[in-house]
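Please read the structure below before turning to the comments.
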Amino acid sequence: MSEHAVADPHTGHDGHQGHNPFHAHHFDTPKQQFDAGKFGMWLFLVQEVLFFSGLFVFYAIVRVNHPEIFRWGHQALDPFYGFVNTIVLIFSSLTMAWAVRCAQKGQRTGLIVNLVITLVCAGVFLCVKYVEYSAKFEHGFLWAGRFNPHTEDHAGDHSATEGTTSHDSGHADASHAASAEGHGGHAHGPVGPPPKNAGVFFSIYFGMTGLHAIHVIAGIAAITWILVRSVRGDFGPDYFGPVDYVGLYWHLVDLVWIYLFPMLYLIE
Amino acid sequence: MSDHAAAHGHSDELAHEMPVSTLISVFLALVVLTLLTFDASYSISRPEYLGAPIFGTHISIFRPLFAALALPAETMRSLGVPIAMAIATVKAMLVILFFMHLRHDKALNNLIFFFCFAFFFLFIAFVLIDTLQYQGDISSFADSQATK
Chain A
75 MSEHAVADPH TGHDGHQGHN PFHAHHFDTP KQQFDAGKFG MWLFLVQEVL
125 FFSGLFVFYA IVRVNHPEIF RWGHQALDPF YGFVNTIVLI FSSLTMAWAV
175 RCAQKGQRTG LIVNLVITLV CAGVFLCVKY VEYSAKFEHG FLWAGRFNPH
225 TEDHAGDHSA TEGTTSHDSG HADASHAASA EGHGGHAHGP VGPPPKNAGV
275 FFSIYFGMTG LHAIHVIAGI AAITWILVRS VRGDFGPDYF GPVDYVGLYW
325 HLVDLVWIYL FPMLYLIE
Chain B
0 MSDHAAAHGH SDELAHEMPV STLISVFLAL VVLTLLTFDA SYSISRPEYL
50 GAPIFGTHIS IFRPLFAALA LPAETMRSLG VPIAMAIATV KAMLVILFFM
100 HLRHDKALNN LIFFFCFAFF FLFIAFVLID TLQYQGDISS FADSQATK
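Those protein sequence lines, which keep their order, are chains A and B.
In case it helps, the working numbering puts the first sequence at residues 75 to 342.
In case it helps, the working numbering puts the second sequence at residues 0 to 147.
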């Protein structure tokens, strides 16, 4: 970026570009600087998509060859938590896009408020993930190799709900019993014995959501950096590139989740 | 795509400004599509699902559709992935074109991103063709080992 511009960015002693202290010398115009940064950001995002694509291929191979692993494993995930996190991330994408607009229009207060809301949403997302992960760890729903389910431990918690639904699903697929529980509590356990290699589902689950969560944490760091610079008053109609670039990254994090949510929580 | 923003009055503008009304409309569309994903999934996998309970009635888009089509259970199950992925792709396009401003971005950036998507699908498609090709051999080998 253009951190080297000047010691005091607000006095504008930047030689020939008096009005725009962040205009780096090696770019002819602020427009050229902005477009170059944006081009670089798109290349980075393309790399991110291809980086994730390996895990999507992993999912596709296991899904096609062993659908029974998914039919059993997805019952351990509560779609309600997935839904909450989807809405939280979509909303944070809205506030991030709004923040970019505020930066473009030089609305400093709006920019700061939108960035803070985005950060809060990212925090809520990670808290929900923490609740989900701890339930998986508690019940031994871990990746292949560490997979050691002990569903009988929480059978008592759900005996009431399972008792009411077991009679109408006795003849049907075992998954219906778990489906009928609805959104009541957390970690409604899978019904029936785990199929062979059931831990692979949780390898995929932790691999994909874990890599995504790392991206959320990186996004929090990037947005915090933008927030500090916004409070300092760095951004305005002539210079808002970093806000735009971090926004693009944040939307990509949202994009990955848009696919992960139905793939892991909803599809049987 | 428009390399410049002359239509918006500022020829020296760095990038297109997305109106707040568009941003909020896109957000609402994303929420509706998320609910639609639930509707499709539950209509396929939960026989007891009647629709979202709203104002005393059940509202569902996919359940009456599937009931009208009256497909076999196995076909219904196989529809789950394509429908969910199609809805997710519509959501992704909304995010890319409006939140990420790609609709108003340079043609080069559009080219890069959509080529990346194309190669993503090629990657998955070729790997799937390959794994399906040999899955029969693998399972027959596994069966022969099991009977030994």
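Ideal Cβ positions, reconstructed from N, Cα and C, are used throughout, including at glycine.
Taking 9 Å as the cut-off, decide whether the C-beta atoms of A/V205 and A/Y155 are in contact.
yes
Through-space distance from A/P95 to A/Q106, alpha-carbon basis
15 Å
Do A/F215 and A/F276 count as a contact pair if the criterion is CB distance below 9 Å?
yes
Would you kindly report the start and end of the unbroken alpha helix (DSSP H) that includes B/I137?
A106 to T146
I'd like the ranges of any alpha helix (DSSP H) spanning at least 4 consecutive residues and lying wholly in the stretch 253-311 of chain A.
273-306
Collapsed DSSP secondary structure at A/P223 in the structure displayed:
coil
Using CA coordinates, which residue listed in B/A87, B/V80, B/T56 and B/L70 is at the minimum distance from A/P141?
A check of alpha carbon separations from A/P141 across B/A87, B/V80, B/T56 and B/L70 identifies B/V80 as the nearest.
Using 9 Å as the threshold, is the C-beta distance between B/L22 and B/K90 below it?
no
Mind reading off the beta-carbon distance from A/V317 to A/V174? Whole number of angstroms is fine, and I expect it under 8 Å.
Correct: roughly 5 Å between the Cβ atoms.
For a minimum of 4 consecutive residues, which ranges assigned as the alpha helix (DSSP H) are wholly contained in the stretch 27-69 of chain B?
61-68
Within 9 Å of any Cβ in chain A, is that where the Cβ of B/I23 sits?
yes
Contact between the stretch 40-50 of chain B and the stretch 60-77 of chain B (3+ Cβ pairs under 8 Å)
yes
Three Cβ pairs or more, each shorter than 8 Å: is that satisfied between the stretch 67-75 of chain B and the stretch 103-122 of chain B?
Taking one beta carbon from each stretch, the stretch 67-75 of chain B and the stretch 103-122 of chain B have fewer than 3 pairs nearer than 8 Å; the two do not touch.
Is the CB of B/A145 under 9 Å away from at least one CB in chain A?
no
State the Cα-Cα distance for the pair A/N139 and A/F113, rounded to the nearest angstrom.
Each residue's Cα considered, the two are about 39 Å apart.
Between which two residues does the alpha helix (DSSP H) carrying A/T183 extend?
R182 to E212
State the start and end residues of the unbroken alpha helix (DSSP H) segment that holds A/D102.
Per DSSP, A/D102 belongs to no alpha helix (DSSP H) and is neither H nor E.
When the cut-off is 9 Å and only beta carbons count, does A/V123 lie next to chain B?
Interface residue, yes.
With which residues is A/Y313 paired in a DSSP beta bridge?
A/G310
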